[in-house]
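Structure, as structure tokens:
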Amino acid sequence: MALHTLPDAERTKRLTTDELRSHFLVDDLFQDGAVTFRFADLDRVVLAGAVPTGGSLDLGMPDELAADSFCERREVGILNIGRAGTVTVGDDSYYLGNRDLLYVGRGSGAISFASDTAGSPARFYVVSYPAHGAHPTTLVRKADAELEELGSAEQANRRDLFKYVRPGGVESAQLVMGITEIQEGSVWNTMPAHTHARRTEVYLYFDVPEGDVVFHMMGEPQEVRTVVVRDGEAVLSPGWSIHAGAGTRAYTFCWAMGGENQDFGDMQFVGMEDIR
Numbered sequence: 001m002a003l004h005t006l007p008d009a010e011r012t013k014r015l016t017t018d019e020l021r022s023h024f025l026v027d028d029l030f031q032d033g034a035v036t037f038r039f040a041d042l043d044r045v046v047l048a049g050a051v052p053t054g055g056s057l058d059l060g061m062p063d064e065l066a067a068d069s070f071c072e073r074r075e076v077g078i079l080n081i082g083r084a085g086t087v088t089v090g091d092d093s094y095y096l097g098n099r100d101l102l103y104v105g106r107g108s109g110a111i112s113f114a115s116d117t118a119g120s121p122a123r124f125y126v127v128s129y130p131a132h133g134a135h136p137t138t139l140v141r142k143a144d145a146e147l148e149e150l151g152s153a154e155q156a157n158r159r160d161l162f163k164y165v166r167p168g169g170v171e172s173a174q175l176v177m178g179i180t181e182i183q184e185g186s187v188w189n190t191m192p193a194h195t196h197a198r199r200t201e202v203y204l205y206f207d208v209p210e211g212d213v214v215f216h217m218m219g220e221p222q223e224v225r226t227v228v229v230r231d232g233e234a235v236l237s238p239g240w241s242i243h244a245g246a247g248t249r250a251y252t253f254c255w256a257m258g259g260e261n262q263d264f265g266d267m268q269f270v271g272m273e274d275i276r
């Protein structure tokens with residue numbers, strides 16, 4: 001399991017483009033017929049991509065976690081960003097269409113993945129944090145997620161935010177997870193920007209058309225850096241970093257957070273006059 005060790009804010013100011021990408025960008029996560037893991041020293045988050053193309057795939061148990069099962073001490077969010085498929089947890093199976101999400105609680109059984117059609121596979125995005133308590137495994141259809149409409153056409157940031165795992169909805173130990181869809185004609189997400197002093201975040205960009213990119217902006221508000229992101233790539237965001245972006249056309253991203261609290265509104269907004 002590849003390990004991402006993140007530099008602090010001071011060192012990040014001096015990184016080259018390649019160094020910035022090697023530390024903060026998670027790429028090659030979705031590989032046909034495989035489960036691919038990444039581990040980051042960012043609230044001990046584990047990311048994985050599972051693309052079943054020739055039968056079912058077991059999530060397995062990476063040696064680095066030193067546990068008897070993946071969910072022994074962890075909770076998991078599984079978002080399907082591909083075609084329809086099934087996630088099996090212990091003896092129970094859950095059918096996930098595109099943009100449906102399954103929350104898997106601490107102490108759950110073995111996890112496996114399957115696609116309805118091998119030639120048009122599901123693409124399961126897995127986010128896992130340590131869990132101090134157990135919560136029920138729950139399937140959330142996109143249609144049942146809490147919707148919040150944000151932005152305006154004048155500011156080119158019209159977007160629909162869908163909250164799947166959050167207090168008052170699907171309960172978890174620390175995971176908060178959902179997706180944001182940028183509307184046609186808009187390009188910006190999360191601008192004006194903010195930071196999270198008590199949480200860290202991961203952005204996975206998907207449904208980015210071939211040939212298009214998203215310019216993800218990160219770093220301290222007065223030391224902004226840019227990471228160019230393509231379809232199926234994620235960016236790790238420490239608590240001191242902004243996380244915003246603009247695409248060459250509309251796109252979607254999954255946001256997942258872990259840390260000290262689960263208050264969605266716990267963020268420190270940055271005025272446009274303070275960004276440089």
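Residues 1 to 276 (the UniProt record's numbering) make up the sequence shown, in order. Ideal Cβ positions, reconstructed from N, Cα and C, are used throughout, including at glycine. Bear in mind the structure is a predicted one, so any value in this text is a computation, not a measurement.
Ranked by how close their Cα comes to the Cα of residue 14, the residues 238, 250, 223 and 244 have 223 in first place. The closest CA to that of residue 23, considering only 227, 156 and 87, is found on 227. For residue 225, the enclosing beta strand (DSSP E) has its first and last residue at 225–229. Residue burial annotation: residue 64 is exposed, with fewer than 16 other C-beta atoms found within 10 angstroms of its C-beta. In the displayed model, residue 20 falls within a helix according to three-state DSSP.
Looking from the CA of residue 255, the closest CA among 231, 165 and 183 belongs to 165.
Rounded to the nearest angstrom, the gap between the Cα atoms of residue 102 and residue 153 is 32 Å.
Classified as exposed, residue 269 has fewer than 16 neighbouring CB atoms from the shown chains inside 10 Å of its CB. Taking all protein chains shown into account, residue 220 has 16 or more neighbouring C-beta atoms within 10 Å of its C-beta and is therefore buried. In this structure, DSSP gives residue 233 an extended state, which the three-state scheme calls strand.
With a cutoff of 8 Å on beta-carbon distance, residue 6 and residue 236 are scored as near each other.
Assignment of residue 9 by DSSP, reduced to helix, strand and coil, places it in the helix class. For residue 216, the enclosing beta strand (DSSP E) stretches over residues 214–219. Taking all protein chains shown into account, residue 132 has fewer than 16 neighbouring C-beta atoms within 10 Å of its C-beta and is therefore exposed. Nearest Cα to residue 50 within the set 114, 274, 172 and 173: 114. The alpha-carbon separation between residue 27 and residue 205 amounts to approximately 11 Å. In the structure shown, the three-state DSSP call for residue 184 is coil. Going by C-alpha positions, residue 52 is about 27 Å away from residue 172. DSSP places residue 114 within a strand segment (E or B) once states are collapsed to three.
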